[in-house]
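Under my numbering, think of the first position of the sequence shown as 7, with each following residue one higher. Ideal Cβ positions, reconstructed from N, Cα and C, are used throughout, including at glycine. Please read these numbers as outputs of a predicted model, since none were measured by experiment. Structure first, commentary second.
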Amino acid sequence: MKLYKKEGNILQVLSFPTENAEKGDYLLVEDADAGKALIAQVIDVQFAAVPGVLEELLRTLPDGGQPIQGEDIDPMEIAPHITYIQDASLLICKIRATLENGALSPSSSWLPSRSQSTIKKLSIPNLLKLAKVDGNLPIILGGTKDSSLLTIDASAIDGTLNIITGKKGCGKSHLSKLLMASLIGYKATVVVFDLNGEYSSIGLTQDGKRNIYYDKIHALTPAQNFKVALDQLHLNVVMGILVHALHLPGTSAREFRRIWKQLKDRGDLTLSSLGEAIRNLNCNQHVRDALASRYHSLVNSGFFTDVAAEAALLEECLLKAKEQGGAIVINLRNISTIDRQIVVEYVLGKLVDSLQSWKLKAVFLFAEEAHLYLRETYWDDIVTRMRHFGIFTTFITNQPDTIRESIYRQADNIFLFNFTNEHDLDVVSRASRVDAETIRSIARDLPPHHCLTLGKVVHDFPIVTRVRALDLKTMGETRLFFKDIN
Ligand SMILES: Nc1ncnc2c1ncn2[C@@H]1O[C@H](COP(=O)(O)OP(=O)(O)OP(=O)(O)O)[C@@H](O)[C@H]1O
Ligand SMILES: [Mg+2]
């Protein structure tokens, strides 16, 4: 390989066919005289535009050589060299760091010597060693192209905001299950908003046997094993549900607050007495109607109960998850949008409460397709307020434009699967941890189950991995009509 050009932080390197460098590979450009080296990543491979090569190519076309009769004479035996040059490629590389005295710095301001520099491939294990991507809490993400493992450290997803995105069916939920399982293995508390009802099976192997996670997965299905008693609810959580999920107007909200306080003082916070109080309310008809309709929504969700024994599960699970690590899987499958919002509003309110009072240290929240249940104001809350309380969110989506731009800007880690659609790539390119060219060029060519890992976990050296398989029962598959018909 030979250095050809440098423009800004882009290097162009000439590579010969035997050197087979591919997109995503890392190169080390060493300049022995300067005592420094550049670490660059190949983001595109093109044909080298060598003068005369086009002419030669045309001559080798079947009819290009016709007018010339007779045998080809090649006394100098240059034909093999010409073919070699025809196949030479130009590697477009992005400079990621400078290596000097064993230490890395992000600078790319110096120019290595064109005649003296040697260029060789940098293997992923060596790169990871140089970048010091290691730690005491390893999570094996999968294998890289040079058949080494990509291992990240769990502490690099502690306190962070993460995004897992890619086309449908490329393995996003699979990766989030892998991360979750590893986190609970390290005794973390995890909460999942499970839109397709696929996470509760993490405790089972493919053939349905219990695995080591079985006791740590707590599946909660709203209105079935997951209910709340009114007298356990904080007023601000109820108000959150009424105002944000059920759009209760301001005047009625004030009236509701008053009723709630009265009932609470009397020690009579039950569904029936709340209904009674609203019916007997002496006020404007509109206000009463507004309150009555919200009350019916609450009752119809089946999520609220007056039986204290039915309503203890979330608390118990949080306690268990805190002590030995565990995942609370909130199954949002088969429930209506309004009920979903009620449940999410409640769970987030409860988490903030428990974190504020130090009943919990921190929580890793995994949210699948969050735009379907997360209210507008929560997006900003999640990057600012909630993060400070200790809710560290991972968003998982196949529609990247449903995630706010501010989330991309603030994201610490992005796990990017294949996208071919320009618009989707545009959206993801807004992430501030990496440049748009890398995302566009590499994500377009990723095979299924391969992900480009970006951000803090890989110390800003984008790395492509084939996510490892898990022996877990999968439930997220799309139901098919023709599947078992032969
Ligand atoms: N790395 C992997 N190794 C083996 N199987 C995998 C891997 N990744 C995903 N799969 C399998 O591929 C299928 C689709 O994966 P998954 O459900 O994770 O996709 P998805 O991106 O979440 O899809 P959707 O957009 O529909 O939610 C699943 O059956 C899953 O078990
Ligand atoms: Mg999925």
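- For Y414, the closest alpha carbon among the candidates H429, H394 and V389 is that of V389.
- Listed in chain order, the non-local C-beta contacts of T227 below 7 Å within the same chain comprise N337, local neighbours out to five positions each way being set aside.
- Sequence-distant Cβ neighbours of A94 in its own chain, meaning closer than 8 Å and more than five residues away, are L20, S21, F22, P23, F53, A54 and V56.
- For ligand 1, a non-hydrogen atom lies closer than 8 Å to the CB of T484.
- Counting of Cβ neighbours within 10 angstroms places A317 among the buried residues, the total reaching 16 or more.
- Nearest to L134 by C-alpha distance, out of E374, D271 and I45, is I45.
- In terms of Cβ geometry, N168 and T480 do not form a close pair [threshold 9 Å].
- In this structure, the alpha-carbon of L325 lies about 44 Å from that of N290.
- T150 and T471 have their C-alpha atoms some 5 Å from each other.
- Where K267 is concerned, the enclosing alpha helix (DSSP H) starts and stops at G256 to R272.
- Three or more beta-carbon pairs separated by less than 8 Å link the segment 260-278 to the segment 233-247, which places the two stretches in contact.
- Every beta strand (DSSP E) stretch that sits fully inside the segment 327-399 and reaches 3 residues is listed by chain position as 332-337 and 369-374.
- Beta-bridge analysis with DSSP links F232 to P228.
- For A43, the enclosing beta strand (DSSP E) has its first and last residue at K42 to F53.
- For G461, the uninterrupted beta strand (DSSP E) run begins and ends at H456 to G461, by DSSP.
- If you ignore the 5 residues before and after L478, its C-beta comes within less than 8 Å of the C-beta of K183, A187, S207, I208, L210, T211, Q212 and N217, all in its own chain and listed in chain order.
- K138 sits in coil when the DSSP states are folded into three classes, being neither helix nor strand.
- DSSP places V56 in the coil class of the three-state scheme, outside both helix and strand.
- Secondary structure note for I163: it is in no beta strand (DSSP E), with a DSSP letter that is neither H nor E.
- If you look at G191, you'll find it in the alpha helix (DSSP H) that goes K178 to G191.
- By the C-beta criterion, the segment 439-447 is judged not to be in contact with the segment 406-413, since fewer than 3 inter-stretch pairs fall below 8 Å.
- About 21 Å separates the CB atoms of I158 and K100; that is not less than 8 Å, and the two are not in contact.
- The beta carbons of F425 and K173 sit about 6 Å from each other, so the pair counts as a contact at 8 Å.
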